[in-house]
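Student: Chains as they are written, first to last, in the numbering used here: chain A, 1 to 277; chain B, 1 to 319; chain C, 1 to 432.
This structure is in structure tokens; I'll ask about it shortly.
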Amino acid sequence: MSSRQKTWWIVGGILIIIYALFPIAWIISLSFKAPSDIANKSFLPSDPSFENYTTILTGAASDLFLPALRNSFGICLIATAISCILSMFAAYAIARLDFPGKKLILSAALGVAIFPVISIVTPLFNLWRQIGLYDTWPGLIIPYLSLTLPISIWTMSAFFREIPWEMEQAAQVDGATTWQAFRKVIVPLAAPGVFTTAIIAFFIAWNDFAYGISLTSTSAARPVPAALGLFSGASQFEDPTGSIAAAAVIVTIPVVVLVLLFQRRIVAGLTNGAVKG
Amino acid sequence: MSTTTLPPTEKTQPVSAPRGGISDRARAERKLGWMLAGPAFAVMMLVTAYPILQAVWYSLFNYRLTDPENRAFNGLSNYVVILSDGLWWQSLWVTVLITVVTVAVELVLGFALALVMAKALQAIRPVVRAAILIPYAVITVVSAFAWQFAFDVDTGFVNSWFAWLPGVAADTDWFGSQGTSLLVICLAEIWKTTPFISLLLLAGLAQVPDVLQEAAQVDGATWWQRMWKVTIPNMKAAIMVALLFRSLDAFRVFDSIFVMTAGANGTESVSFLAYRQTIARVEIGLGSAVSVLLFICVVLIAFGFIKGFKIDLAQARGE
Amino acid sequence: MASIEMRNIVKQYGDGFPAVNDVSLDIADGEFMILVGPSGCGKSTLLRMIVGLEDITSGDMIIGGKRVNDLAPRERNLSMVFQNYALYPHMTVYENIAFPLRLSKTPDDEVRRRVTEASDVLELKEHLERKPANLSGGQRQRVAMGRAIVRQAEAFLFDEPLSNLDAKLRGQMRTEISRLQRRLGITTVYVTHDQTEAMTLGDRVCVLRKGKIQQVASPRELYEQPVNLFVAGFIGSPPMNFLPATLEGHALSTPFGSITLDEQRAAAVRGRDLLLVGIRPEYFEDASLVDEAKLPLGSIFRARVDVTEWLGDSQYAYIPYEAPEAITAQLRDLSRELDSEELRTQAIVSIDSTSRIREGREAEFWLDSRKVHVFDPQTGENLTRDAEAGARLTQMAAEDRVEQVQDAQGRGGTGDGGGGSVGSGAHRAGAA
């Protein structure tokens, strides 16, 4: 590569970084604008202040934001854990065992993945009201499984397929039972795939808005995205923009941390599931 | 020691004679397979197949949640109401427009990003990769707010930064008309989802062997020719998969519209229409019918892609 | 340690295709048996049925006098070396070798003793703490062998263990496996498609074709007394030449002149219009270099040489010839079945490396007619096979084996491996 070409690719890389981070930088900047400064029409705050963070963490909006944060973490972690355990067994069966219906399960997962969330929301809304799951944690965890399970099954079976078959057979010839072969050979080899899948599943659950806004009505179960959506409609503060920006920054921190720590795995997981799944 | 094949010995009755063509082990494997995969499958079916059937059922009734006594079967008349209403066609048009525009732009932009990432120097590659993952990982609602606030008349910086453009002034209200609202919605969607497409395309690029590029170079192909005649045809499967997934995803657009315009000024998408009927107006019957129509649209798109472009998902998976 | 007996073993897949078809084979205690054949002949399937990774459709698999058809792999107490070695990537070399012992809950100090012993034998001592990913191909192969020998298994099974190594390493590992097998005196079944491995390693070789056994015999017998065209064509490198021939009196008329048969062999082939004569490359010689005394034992012909290959210690000449369409087609089918691509009908002739025969010229060749075999082109059967002579060869090999095992085990753990190299040397002499 000539040095001129090199320069161009570096310029390209920098443009990508600006593209990706600019809106994030904007919302961070906005979150540090005091309510009086919010309409200053410029990118940066005239006088950076923590006022918005105080409002949502300890002030007027804290009873809307803090329970939502707790709900989001709890619901997303539980949904991720359940769908990882379920899809771990399913992906193992799909990648390792020969049984009729493998294709059916993968196609079903694909079908569920392309399913319009809103089409499910309507009947669930009605059903949850009838059986008392409306505005509860389980009432969100269950539909979140429909978001996280399909991608978990696809991603994980793609990972599991790359573990060489012979390993398990070798273990069996070496004297292992099926369970021992699974636990001592497959689990250590599969752990990175499971971990990556968990991260992606968590992203998806964390991102949900439609279920959150439709199937909850109070802070008992309302997750952060839905709470953010309602900030604007709520009347308890005059201009919610700064508070929304601060809350948005806080909920973005966990995903950014995950991205920075595990970027290589996340890329492998995303592309494996879709291209090779 | 004998020199050739042993004379056939008395054939003993095999204990594990094949019954019905499959052996015990194969049978055990099938059972284990379904035992392991069954729960996941059952949960998926429960949370999707059951609600959609329920939706089909509700869609045949005149049913308001606030007025359950007057629930009455009225056949397909909900569908007639919807399909003869301009609102449905308006929202369908908006949805199709958003889908086509965002997916087309994302494909081109995503391809460019993928090319840069493929060529980016070892040293900056991790930085670029981490950066590009951030829009993917950021919550859609957060992205929608960021873009909305940027274009907002009061809080935004766009009007002052781009005042030199014709038609942009300090008091330009981007969310005041359908066209400009949709433009900002599309921008937010494109920003948020291009990384996903570009990562898929990057994986597709990696599957095109370098030696093909070299061979084409020796054969005298220019950069453009190599791109069009060697690289792109060889990553067709990856492109098609990316297109399919993104189109289906774009067609369900909901979060951004909810946050940015709440459906005002003719920016309602089909998903938003269904939401508004069901959750806001508690018209379960009508909302269910919209949901079913949305579901049918998604199925048609998927079917059209798979048949029309002959996407072989198994082939795309490298099998 | 145990013998392995197979009685009418059949493996049928779902579509009814018999991958292994009615195979009966006895492998004696301590014997080194090779399963060989072109790809798709069922050799790996047979091996996987022995170890229990593949169901047996019908027939009996008896290991050490016990029927094992319904036993899981772990209950059969066998060791196997896989083609890709199947080393556990998350474990160190030490833990890889120790894995079977850990599974059987062997106490720690016993594990350490046996792993150390195995790593001494395989010269893996300094690599014990490394992960498989950091090992060379040959080292990985040795770790796989270590995992196999660390356990007192009834038998060793090898599934093309050397096919991922380069040619030089393959030669070294071949002698290593041979030495180890003799030293441990353990029953061994070894699958390969490489006929050199088959000839050098095996006490007996079982040649398979499309799931059926063609011939089970010592390498020497396979080479000198093949039962049919397939075995004759598969064993030997470069392969045996097949020439079309017709019988006139006691003489075969071939593209390379007339070959006189003795009374007994002439009688055996009489009554067929068209025959195939099988002549190994080394049965030929540059006529000008043959002893006066030997000349009358064969026939002399002139032919134009197309290409010569001089390899230093040996030399090959390629001589094209015309053959009837039917024969050409059949030979092409045969070569396809043997995984090679025969493009033209030509004979490969081995001549002395000092020979002055040059490409493109006519030359005079001598052909040793005593050792030629005559095949029926329709059935492929070897019409001139001397079963008794063959049996004698295999009997001799069996006696050699017993002697070598005693010899190797007598020397015990000294590890000089003399017995093994003598053994492989003897086989190589037979092959030459």
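Every residue gets a Cβ at the ideal spot worked out from N, C-alpha and C, and that includes glycine.
Within 10 Å of its beta-carbon, does C:K294 have 16 or more other beta-carbons around it, so buried, or fewer, so exposed?
Tutor: Exposed.
Student: Among C:A323, C:A217, C:Q315, whose alpha-carbon lies nearest the alpha-carbon of C:F32?
Tutor: Per the Cα distances, C:A217.
Student: Report the residue ranges of all alpha helix (DSSP H) runs contained in full by the segment 42–66 of chain A; include only those spanning at least 4 residues, in chain order.
Tutor: Listed in chain order, they are 51–57.
Student: Could you say if the segment 67–83 of chain A and the segment 139–148 of chain A meet the contact criterion of at least three C-beta pairs nearer than 8 Å?
Tutor: They touch, by the three-pair rule.
Student: Which one of A:N126, A:W26, A:P45 has the shortest CA to CA distance from B:M50?
Tutor: According to the sequence shown, residue 50 of chain B is Tyr rather than Met. The residue with the shortest Cα to Cα distance from B:Y50 is A:N126.
Student: If you count every other CB in all the chains shown that lies within 10 Å of the CB of A:R183, and 16 or more means buried, which is it?
Tutor: By the neighbour-count rule (16 or more Cβ atoms within 10 Å), A:R183 is not buried but exposed.
Student: Do the CB positions of B:P39 and A:F89 come within less than 8 Å of each other?
Tutor: Contact: yes.
Student: Can you tell me the Cα-Cα spacing of C:D273 and C:P244, whole angstroms?
Tutor: Looking at the two C-alpha atoms, the distance is approximately 11 Å.
Student: Taking its Cβ as the centre, do 16 or more other Cβ atoms sit within 10 Å of A:I131, making it buried, or is it exposed?
Tutor: With fewer than 16 Cβ atoms within 10 Å of its Cβ, A:I131 is classed as exposed.
Student: Assess, as a yes-or-no matter, whether the segment 42–57 of chain C is touched by the segment 186–194 of chain C under the definition of 3 or more beta carbon pairs within less than 8 Å.
Tutor: Contact between the segment 186–194 of chain C and the segment 42–57 of chain C is present, because at least three Cβ pairs lie under 8 Å.
Student: Do C:V81 and C:F17 have their beta-carbon atoms positioned less than 8 Å apart in this structure?
Tutor: Cβ distance not < 8 Å, so C:F17 and C:V81 don't count as in contact.
Student: Cα-Cα, which of C:L338, C:Y316, C:R332, C:S258 is closest to C:F301?
Tutor: The shortest Cα separation from C:F301 among C:L338, C:Y316, C:R332, C:S258 belongs to C:S258.
Student: For C:H373, which option in C:Q395, C:W366, C:Y223 has the closest C-alpha, if you only look at C-alpha atoms?
Tutor: The shortest C-alpha separation from C:H373 is found at C:Y223.
Student: Is there a Cβ of chain C sitting closer than 8 Å to that of A:T241, yes or no?
Tutor: Output row for A:T241: interface = no.
Student: Bridge partners for C:A323 per DSSP, in chain order?
Tutor: Note: C:A323 sits in no beta bridge, so no partner.
Student: Give the single residue among B:S269, B:D210, B:R252 whose Cα lies nearest to the Cα of B:K119.
Tutor: Taking only the C-alpha atoms, the option nearest B:K119 is B:D210.
Student: Between the C-alpha atoms of B:N74 and A:V267, what's the straight-line distance to the nearest angstrom?
Tutor: Those two C-alpha atoms are separated by around 50 Å.
Student: Does A:T289 come out as helix, strand or coil in the three-state DSSP assignment?
Tutor: Residue 289 of chain A lies beyond the stretch modelled for chain A, which goes from 1 to 277, so this question has no answer here.
Student: In this structure, how does DSSP classify B:D210 when only helix, strand and coil are distinguished?
Tutor: DSSP places B:D210 in helix when its eight states are reduced to three.
Student: When you compare the CB of A:V185 with every CB in chain C, is at least one pair closer than 8 Å?
Tutor: Chain C, which has a Cβ nearer than 8 Å to the Cβ of A:V185, makes this yes.
Student: Thinking just about the alpha-carbon of each residue, which of A:F32, A:L215, A:A176 is nearest to the one in C:F99?
Tutor: Minimum Cα distance to C:F99 is reached at A:A176.
Student: For a minimum of 3 consecutive residues, which ranges assigned as the beta strand (DSSP E) are wholly contained in the segment 277–326 of chain C?
Tutor: 284–286, 298–304, 307–310, 315–320, all fully within the segment 277–326 of chain C.
Student: Relative to chain B, which residues along the segment 65–92 of chain A have a C-beta separation below 7 Å, given in chain order?
Tutor: Taking 7 Å as the Cβ-Cβ cut-off against chain B, the residues of the segment 65–92 of chain A that qualify are L86, S87, F89, A90, Y92.
Student: B:I52 lies in the alpha helix (DSSP H); which residues open and close that run?
Tutor: That run of the alpha helix (DSSP H) goes 50–58.
Student: With distances taken Cα to Cα, identify the nearest neighbour of B:L107 among B:V290, B:L243, B:L294.
Tutor: Of B:V290, B:L243, B:L294, the residue nearest in Cα terms is B:L243.
Student: What are the residues in the segment 136–154 of chain C lying within 8 Å of chain A by C-beta distance?
Tutor: If the cut-off is 8 Å between Cβ atoms, the segment 136–154 of chain C has R147, R151 near chain A.
Student: My assumption, with CB atoms under 8 Å, is that B:A274 sits in contact with B:G287. Please give the rounded CB distance.
Tutor: Rounded, the Cβ-Cβ distance is 6 Å, consistent with contact.
Student: So what does DSSP say about C:N21, is it helix, strand or coil?
Tutor: The answer is strand: DSSP assigns C:N21 an E or B state.
Student: Rounded to a whole number of angstroms, what is the C-alpha to C-alpha distance between A:P23 and B:S143?
Tutor: Looking at the two C-alpha atoms, the distance is approximately 7 Å.
Student: In chain order, what are the residue ranges of uninterrupted alpha helix (DSSP H) at least 4 long that sit wholly in the segment 43–80 of chain C?
Tutor: Listed in chain order, the complete alpha helix (DSSP H) runs (minimum 4 residues) inside the segment 43–80 of chain C are 43–51.
Student: Run through the DSSP bridge pairs and tell me what C:H373 is partnered with.
Tutor: In DSSP, C:H373 forms a bridge with C:G278.
Student: When DSSP labels each residue in this structure, what does C:K212 get in the three-state scheme?
Tutor: C:K212 falls in the strand class under three-state DSSP.
Student: Would you mind stating whether C:A2 and C:G64 have Cβ atoms separated by less than 8 Å?
Tutor: Yes, Cβ-Cβ distance for C:A2 and C:G64 is below 8 Å.
Student: With 7 Å as the limit, tell me which residues of the segment 154–168 of chain A have their beta carbon closer than that to any beta carbon of chain C; keep them in chain order.
Tutor: Taking 7 Å as the Cβ-Cβ cut-off against chain C, the residues of the segment 154–168 of chain A that qualify are P164, E166, M167.
Student: What's the gap between the Cα of C:E309 and the Cα of C:E123?
Tutor: Near 39 Å, if we compare the C-alpha coordinates of C:E123 and C:E309.
Student: Rounded to the nearest angstrom, how far is the Cβ of B:G285 from that of B:S91, given a contact under 8 Å?
Tutor: Going by Cβ atoms, the distance from B:G285 to B:S91 rounds to 18 Å, so no, they are not a contact pair.
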